[in-house]
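Numbering (the numbering used here), first residue to last: 23 to 226.
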């Protein structure tokens, strides 16, 4: 079965990227942390291609494809995210992927340095007999969402960027009587207090 992993990210532009970390890291420091986390996440995603039929796409926003290629290289597949809130952008990415004939699709961000290749593999394995897979984040959001058919209802009426995202999504899924799999809970790096638990290996 064909699988696609979509990575939502953006170019590490100082002053625009990771703005909530600027008070403690500065503009350049916040952008550099984003750059390192994104590169780490994408490398782990690409490592899965050695063992499974997986395509990896980079869906970016607020930048040009040329900037992304200058940063990450020309071998990757790049797509611009559509206009709209996060839910609309994810719903469109899922719909377009399933319309192209892909069997299993998952979306991740690049804010979760503890997201390992084994967890990504688990997500796709769960989709063999589950409708939905969610990776809960400690801040109340989720770091991964995967499915085997488009379910646009999961992205409607969600207060994005709040601690209610995971709970609201789970409630919608339960109301739709979906068979859900859950991945391990991991920490996102979004706020200054999140840096306290950051493994310094990410900076190397």
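By construction, the Cβ of each residue, glycine as well, lies at the ideal position given by its N, Cα and C atoms.
Where residue 257 falls, given that 16 or more other Cβ within 10 Å makes a residue buried = No information on residue 257 is available, as it lies outside the stretch 23 to 226 that the chain covers here.
Endpoints, the beta strand (DSSP E) within which residue 45 is located | It is not in any beta strand (DSSP E) - residue 45 instead sits in the alpha helix (DSSP H) that spans 44 to 69.
Beta-carbon gap between residue 208 and residue 128 smaller than 8 angstroms = no
Beta bridge counterpart(s) of residue 186 as assigned by DSSP = Per DSSP, residue 186 has no beta-bridge partner at all.
Leaving out five residues before and five after residue 164 in sequence, what residues of the same chain have Cβ atoms less than 6 angstroms from its Cβ?
-> Take residue 164, set aside five residues on each side of it, and the residues of its chain with a beta-carbon closer than 6 angstroms to its own are 156, 157, 158 and 188, in chain order.
As assigned by DSSP and simplified to three states, the class of residue 219 | helix
Roughly how far, in whole angstroms, is the beta-carbon of residue 111 from the beta-carbon of residue 103, given that I think they are within contact range, below 8 angstroms?
-> 5 angstroms
Verify the CB distance criterion: does residue 176 have a CB-CB separation below 8 angstroms to chain D?
-> The chain labelled as chain D is not found in the depicted structure, where only one protein chain is given.
Between the segment 51 to 58 and the segment 33 to 43, are three or more C-beta pairs nearer than 8 angstroms?
-> yes
From what residue to what residue does the alpha helix (DSSP H) around residue 112 run?
-> Residue 112 -> alpha helix (DSSP H) spans 108 to 121.
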